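K.L.:
So in this note's numbering the end of the sequence shown lands on 953, straight run, no missing numbers.
Have a look at the structure that comes next, please.
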Amino acid sequence: MIQKTTKRFGKKNAVLSTAVIFFSGIYFTQAQQTQPVKDSALDKQIEEVVLVGSRSGGRSKADSPVPVDVFNLKDIQLSLPQTNINQILNSIAPSFTSTIQTNADGSDHLDPAQLRGLGPDQALVLVNGKRRHTSALINVNGTPGRGSVGTDLNAIPAFALSKIEVLRDGASAQYGSDAIAGVMNLQLKKDTGKLTGQFNYGGYLTPAANDHTGNYDGQQYQVDLNYGNKIGKRGGFYNLTWSSQFRDPTRRAGTENAPIYNAYNAIEKRALENGVNLSSYFNNINNLKGTAGEQDFVNLIHQYAQGVSYFNSVSPTLQSSIQSANSITALQNVLKTSAFTTDQLNYLTDQELAYRGQTRKDFNMQVGQSKLNNHQLFANVEVPLNDDWKVYTFGGYSIRNGASGGFYRRPTQSRTFTGLYIDGYLPEIHTKIQDVSLAAGIKGKWNGWNVDLSNTFGQNGFDYTIENTGNTSLRFNSPSTFKAGGLQFLQNTINLDFSKQFDVFEGLNVAFGAEQRHENFRINPGEEASYTAYDVNGNPQTPTSVNPTDFFGAALAGGSQVFAGFREANRTNKSRNSYAAYADFEFNFTNWFLVDAAVRFEDYSDFGSTFNYKLASRIKLADNFNFRFAGSTGFRAPSIHQIYYNTTSTLFVSGELREVGTFSNDQPIAVGFGIPNLKQETSKSFSTGFTYKIPALNLNVTADAYFIRIDDRIVLTDQFTRFSNPTTEAQKLVNAEFTKAGVNAAQFFANSIDTETRGLDVVISHNLSKEAFKLTNDFAINLNNTRKVGDIHASDLLKNAGLETTYFGERSRVYLEDSVPKIKASLSNNFKWNDFNFYLRNTYYGKVYGADNVDANLDGILLPNEHQLISDKIITDLSIGYDINKNFNLTIGANNLFDIYPTKNLAVSSNNDQFVYSRSTSQFGQNGRYVFSKLTVSF
15 MIQKTTKRFG KKNAVLSTAV IFFSGIYFTQ AQQTQPVKDS ALDKQIEEVV
65 LVGSRSGGRS KADSPVPVDV FNLKDIQLSL PQTNINQILN SIAPSFTSTI
115 QTNADGSDHL DPAQLRGLGP DQALVLVNGK RRHTSALINV NGTPGRGSVG
165 TDLNAIPAFA LSKIEVLRDG ASAQYGSDAI AGVMNLQLKK DTGKLTGQFN
215 YGGYLTPAAN DHTGNYDGQQ YQVDLNYGNK IGKRGGFYNL TWSSQFRDPT
265 RRAGTENAPI YNAYNAIEKR ALENGVNLSS YFNNINNLKG TAGEQDFVNL
315 IHQYAQGVSY FNSVSPTLQS SIQSANSITA LQNVLKTSAF TTDQLNYLTD
365 QELAYRGQTR KDFNMQVGQS KLNNHQLFAN VEVPLNDDWK VYTFGGYSIR
415 NGASGGFYRR PTQSRTFTGL YIDGYLPEIH TKIQDVSLAA GIKGKWNGWN
465 VDLSNTFGQN GFDYTIENTG NTSLRFNSPS TFKAGGLQFL QNTINLDFSK
515 QFDVFEGLNV AFGAEQRHEN FRINPGEEAS YTAYDVNGNP QTPTSVNPTD
565 FFGAALAGGS QVFAGFREAN RTNKSRNSYA AYADFEFNFT NWFLVDAAVR
615 FEDYSDFGST FNYKLASRIK LADNFNFRFA GSTGFRAPSI HQIYYNTTST
665 LFVSGELREV GTFSNDQPIA VGFGIPNLKQ ETSKSFSTGF TYKIPALNLN
715 VTADAYFIRI DDRIVLTDQF TRFSNPTTEA QKLVNAEFTK AGVNAAQFFA
765 NSIDTETRGL DVVISHNLSK EAFKLTNDFA INLNNTRKVG DIHASDLLKN
815 AGLETTYFGE RSRVYLEDSV PKIKASLSNN FKWNDFNFYL RNTYYGKVYG
865 ADNVDANLDG ILLPNEHQLI SDKIITDLSI GYDINKNFNL TIGANNLFDI
915 YPTKNLAVSS NNDQFVYSRS TSQFGQNGRY VFSKLTVSF
């Protein structure tokens, strides 16, 4: 792989400096203490009980046989600029990655999240220990996590959470499908007797704001309220959270540098200024040729061309060539784009922009975070029935309205009907995401057994409305707004769990249970005009119909531009059921030797059954030193979305726009390409590590190495195109399906490859408390490397057709292996002094690679695996908080204090200077410095 040479001296010094600060604090602590002093705060942290990964009622982090991170959100949120779960975890958890996407259709409104570099759908999310439903959206665009279905963490208000537990180990044998990379358990608040709130305001203060003109953009307002109170006298409670967020978009495009106007556009503008709309003289330019109206039209071109004063500056003979062209065909040859050089077209564009009072930035795309309004309500309730039994319920509702931009439709393009949009237009994708969840259950003791019976319901809906757009084939009759349909996913899970402690050895915990899960996935079609191409009479096009064209004879596209609606043929309503049984045993053979064993059998109605197991152990080698290891098998069922999803999208691939169809594997085009039906992914994972506590230094160290092998991993293929010379009936069928679907490329979900992931997690925590101050230092680093191993699982049909590398191509390899940092580290320092709190965090993001195949080292030789290096960076966050009194705290600060940006794209990947930075990687985003203020109240 080709890499650019970068100077790393400064970055190494920065990492060294932060390490010096950290370990100097440790040395200072040691110098201040001549003997071990008990630190109650530190002891509380080390002995903090974690629930995820254990069915025995919880154990301390240090005694867990598998690595678990615990993040106390109630404390963390006071200092952090981030306000949603994805961005909070991306900042504080090195093994977690999530960045805001741009110009990726629905993914702009839902940030894909990854754990240990694996896919968004390979990490399981729990809320209060119950399985959370996934999003309805499937990520089919060119971003990390492509082809996956993740959980919409931002549908849950972070202010509703007391803490987040992140189990960094395979846990399918305990929790079922998806838990290959690990498990995140979000625990809701149980606070009673107080009202708390936060009021946030912030935005991006950076020279790159507003398309690199400076000032301030991306303003964000957020209000969070939480209130809880007791129910009865047995410990019952209710806790409610409301959150509202209003976020403006950011703009990080450069300056559009491609030709925007052509000579015909200039003539068209002069005619329109005189009340003549040239597009009204024809619907199909070829129908006008040879008729009595042709000469009238030619005369209009001659007349209004004379009003373009700069034509002869473009070419000395341009005006005379126009005047001497006496037919439409002759005029097409004179005015067509290929008759001019790029320099001539850019000169023409600059002259026309000046004439119209425009600048090139007026034609920029909206590159950056999307606009959104987000409102959430969450509740957590428990009511004891007696001393042994309690009923509980929790859940919430959220609604998120988003708006993002697509690719600008320039006047020179046939996708733009200049009869309505003389200057072109920027289409907008508007989304409405509704999420509802409700869990209810009863738990208690029965004959010495802990029993928990629950039902957990969740539904996510993702609806599209396309605005400021048009169905070009409808010409003057096109609306500007289209209901484009949407996606819906429903999940209902019933659990019955038993557990009991036995007085055997030093303790034995036995747990077993069963689960039934129902899933439903729907694709709801949009209105007809959002996906249909019409003929000149306004009827749906047929193979024999006469269809609209532009002046140059190019066909006018159908469907709503930027996002064609889901078609009636895409309508889907599919369900499946799964049934599972598990058993879990925790043996404390001695007070220093613990063994966990778990088995799980699960059967799916749509692809079969799977059996998985896990074995983990913790050995206490000394009072403060534990050794631990684990091994397990796992699986991930293909999501019901991946099995049945089908639609058409406009994608930007290798510098060009394509209409790409995503087809389910049972459709004729998939069969024609030899794409098999999906089956489950299977995994084997191993981890080993240690925990070490040094009381004299108030220091805690954990280190865990891991290995994950995934077989038959599901990926979204690269784009297949038509057979250029079809020789078999199957190939002819495939080409016919391309025509029928109106696409020029097709992609599918497939069990294409096997992968191996190797990594290391290290966490070091240090704490120092004095009467006047408290200092907390936390260092964490994740080293992670995922690689495809073995052959691509392509069928003989694909191999014989030379399409193996399309089944799993180079772009897919980059998304899988190189789009997420292999090294991510963070060092945070929190200093509490009297009523002031100072928070400093430095986060190191390792290098990544762009997905485009480019001449990265500019040597004139393009290698098939050559990609641009996006260099490593350090991001610094700083905040200062002040306790005004016991009820009010004011915090101000900055995320990305020094306004660091990723490596700029090479010109070939920038889409005419629109994508200044890569949008196919996941480091820290491209928005720059964020400054904020936060008022926290508590009564």
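Positions of the beta carbon are idealized from the N, C-alpha and C atoms, including for glycine.
Small disclaimer: the values here were computed from a predicted structure and weren't measured.
In angstroms, rounded to a whole number, what distance separates the CA positions of Ser-112 and Lys-177?
P.N.:
Looking at the two C-alpha atoms, the distance is approximately 19 Å.
K.L.:
With DSSP as the reference, label Arg-414 as helix, strand or coil.
P.N.:
In the structure shown, Arg-414 sits in a strand (DSSP, three-state: E or B).
K.L.:
Assuming Pro-441 and Gly-420 are in contact, meaning their beta carbons sit under 8 Å apart, how far apart are those beta carbons, in whole angstroms?
P.N.:
Pro-441 to Gly-420, Cβ: 5 Å. Contact.
K.L.:
Roughly how far, in whole angstroms, is the beta-carbon of Gly-773 from the beta-carbon of Asn-739, given that I think they are within contact range, below 8 Å?
P.N.:
Rounded, the Cβ-Cβ distance is 47 Å, inconsistent with contact.
K.L.:
Closer than 7 Å by C-beta to Leu-730: which residues in its own chain qualify, once you throw out the five before and the five after it? Chain order, please.
P.N.:
The residues are Val-154, Arg-160, Gly-161, Gln-761 and Phe-763.
K.L.:
Are the CB atoms of Gln-575 and Gly-645 within a distance shorter than 8 Å?
P.N.:
Against a cut-off of 8 Å, the Cβ pair of Gln-575 and Gly-645 comes out as no contact.
K.L.:
Going by CA-CA distance only, name the one from Val-828, Ser-121 and Leu-812 that's closest to Tyr-821.
P.N.:
Checking every option, the nearest Cα to that of Tyr-821 belongs to Leu-812.
K.L.:
Would you mind reading off the limits of the beta strand (DSSP E) that contains Ile-914?
P.N.:
Looking at the DSSP string, Ile-914 is not in any beta strand (DSSP E), and its letter there is neither H nor E.
K.L.:
So, does the segment 141-149 touch the segment 447-460, judging by three or more C-beta pairs under 8 Å?
P.N.:
Contact between the segment 141-149 and the segment 447-460 is present, because at least three Cβ pairs lie under 8 Å.
K.L.:
Ends of the alpha helix (DSSP H) at Glu-366?
P.N.:
Note, Glu-366: alpha helix (DSSP H), 356-370.
K.L.:
Could you tell me which uninterrupted alpha helix (DSSP H) segments, each at least 4 residues in length, are contained entirely in the segment 98-185, listed from first to last along the chain?
P.N.:
99-106, all fully within the segment 98-185.
K.L.:
Going by C-alpha distance, which of Tyr-853, Ala-839, Leu-175 and Gly-307 is nearest Leu-789?
P.N.:
That would be Tyr-853, whose Cα lies nearest to the Cα of Leu-789.
K.L.:
Considering Cα atoms alone, identify which of Asp-310, Asn-271, Thr-264 and Asn-298 is closest to Val-290.
P.N.:
The shortest C-alpha separation from Val-290 is found at Asp-310.
K.L.:
Going residue by residue through the segment 733-813, where are the continuous alpha helix (DSSP H) segments of at least 4 residues, counting only ones entirely within it?
P.N.:
As far as the segment 733-813 is concerned, its whole alpha helix (DSSP H) runs of at least 4 residues are 743-755.
K.L.:
Rounded to whole angstroms, what's the CA-CA distance from Leu-841 to Pro-95? Just pull it up for me.
P.N.:
Cα to Cα, Leu-841 sits roughly 16 Å from Pro-95.
K.L.:
Distance, Cα to Cα, Ala-137 vs Gln-694?
P.N.:
Taking the straight line joining both Cα atoms gives about 15 Å.
K.L.:
Could you check the C-alpha separation between Phe-37 and Asn-844 for me, to the nearest Å?
P.N.:
The pLDDT assigned to Phe-37 is 44, lower than 50, so where the model puts this residue is not dependable, and the model offers no usable value.
K.L.:
Under a Cβ-count criterion, where at least 16 other Cβ atoms within 10 Å of its own Cβ denotes burial, should Leu-883 be classed as buried or exposed?
P.N.:
Looking at its Cβ environment, which holds 16 or more other Cβ atoms inside 10 Å, Leu-883 is buried.
K.L.:
Taking only three categories from DSSP, how would you classify Ala-569?
P.N.:
Ala-569 falls in the strand class under three-state DSSP.
K.L.:
Taking the straight line between their C-alpha atoms, what separation do you get for Ile-336 and Val-560?
P.N.:
When rounded, the distance between both Cα atoms is 28 Å.
K.L.:
Looking at Thr-255: is its Cβ nearer than 8 Å to the Cβ of Ala-174?
P.N.:
Yes. Within cutoff.
K.L.:
Determine the burial state of Tyr-478: buried for a count of at least 16 other Cβ atoms within 10 Å of its Cβ, exposed for fewer.
P.N.:
By the 10 Å Cβ count, Tyr-478 comes out buried.
K.L.:
Can you tell which of Lys-634, Ser-631, Tyr-618 and Arg-614 has its C-alpha closest to the C-alpha of Phe-625?
P.N.:
Minimum Cα distance to Phe-625 is reached at Arg-614.
K.L.:
Looking at the structure shown, is Gly-39 part of a helix, part of a strand, or coil, going by DSSP?
P.N.:
The predicted position of Gly-39 is uncertain, since its pLDDT is 44 and thus under 50; no value can be drawn from it.
K.L.:
To which residues does DSSP link Met-198 through a beta bridge?
P.N.:
Paired residue(s): Val-139 and Val-180.
K.L.:
Can you say whether Lys-52 is buried or exposed, counting buried as having 16 or more other CB atoms within 10 angstroms of its CB?
P.N.:
In this prediction, Lys-52 has a pLDDT of 36, which is less than 50 and means its spatial position is unreliable; nothing more can be read from the coordinates.
K.L.:
Would Thr-486 be called buried (16 or more neighbouring beta carbons within 10 Å of its own) or exposed?
P.N.:
Result: buried.
K.L.:
Would you say Gly-804 and Asp-768 are within 8 Å of each other, going by their C-beta atoms?
P.N.:
Yes, Cβ-Cβ distance for Gly-804 and Asp-768 is below 8 Å.
K.L.:
Can you tell me which of the three DSSP states Arg-374 falls into?
P.N.:
Looking at Arg-374 - three-state DSSP - the assignment turns out to be helix.
K.L.:
Whole angstroms are fine: how far does the CA of Phe-503 sit from the CA of Glu-282?
P.N.:
The alpha-carbon atoms of Glu-282 and Phe-503 are separated by roughly 48 Å.
K.L.:
For the 8 Å Cβ check, are there 3 or more pairs between the segment 415-435 and the segment 543-558?
P.N.:
Judged by Cβ distances under 8 Å, the segment 415-435 makes no contact with the segment 543-558, as fewer than three pairs qualify.
K.L.:
Which two residues bound the contiguous beta strand (DSSP E) that contains Arg-261?
P.N.:
Here the beta strand (DSSP E) through Arg-261 covers 250-261.
K.L.:
Tell me whether Pro-682 sits in a helix, a strand or coil according to DSSP, three-state version.
P.N.:
Pro-682 falls in the helix class under three-state DSSP.
K.L.:
What residue range is occupied by the uninterrupted alpha helix (DSSP H) comprising Tyr-422?
P.N.:
Taken as a continuous stretch (DSSP letters only), Tyr-422 belongs to no alpha helix (DSSP H), as it is neither H nor E.
K.L.:
Got a sec, what are the start and stop residues for the alpha helix (DSSP H) Leu-89 sits in?
P.N.:
According to the sequence provided, residue 89 is Asp. The question's Leu does not apply to it. Asp-89 -> alpha helix (DSSP H) spans 87-90.
K.L.:
Considering just the uninterrupted stretch of the beta strand (DSSP E) at Thr-705, what are its terminal residues?
P.N.:
Thr-705 -> beta strand (DSSP E) spans 695-708.
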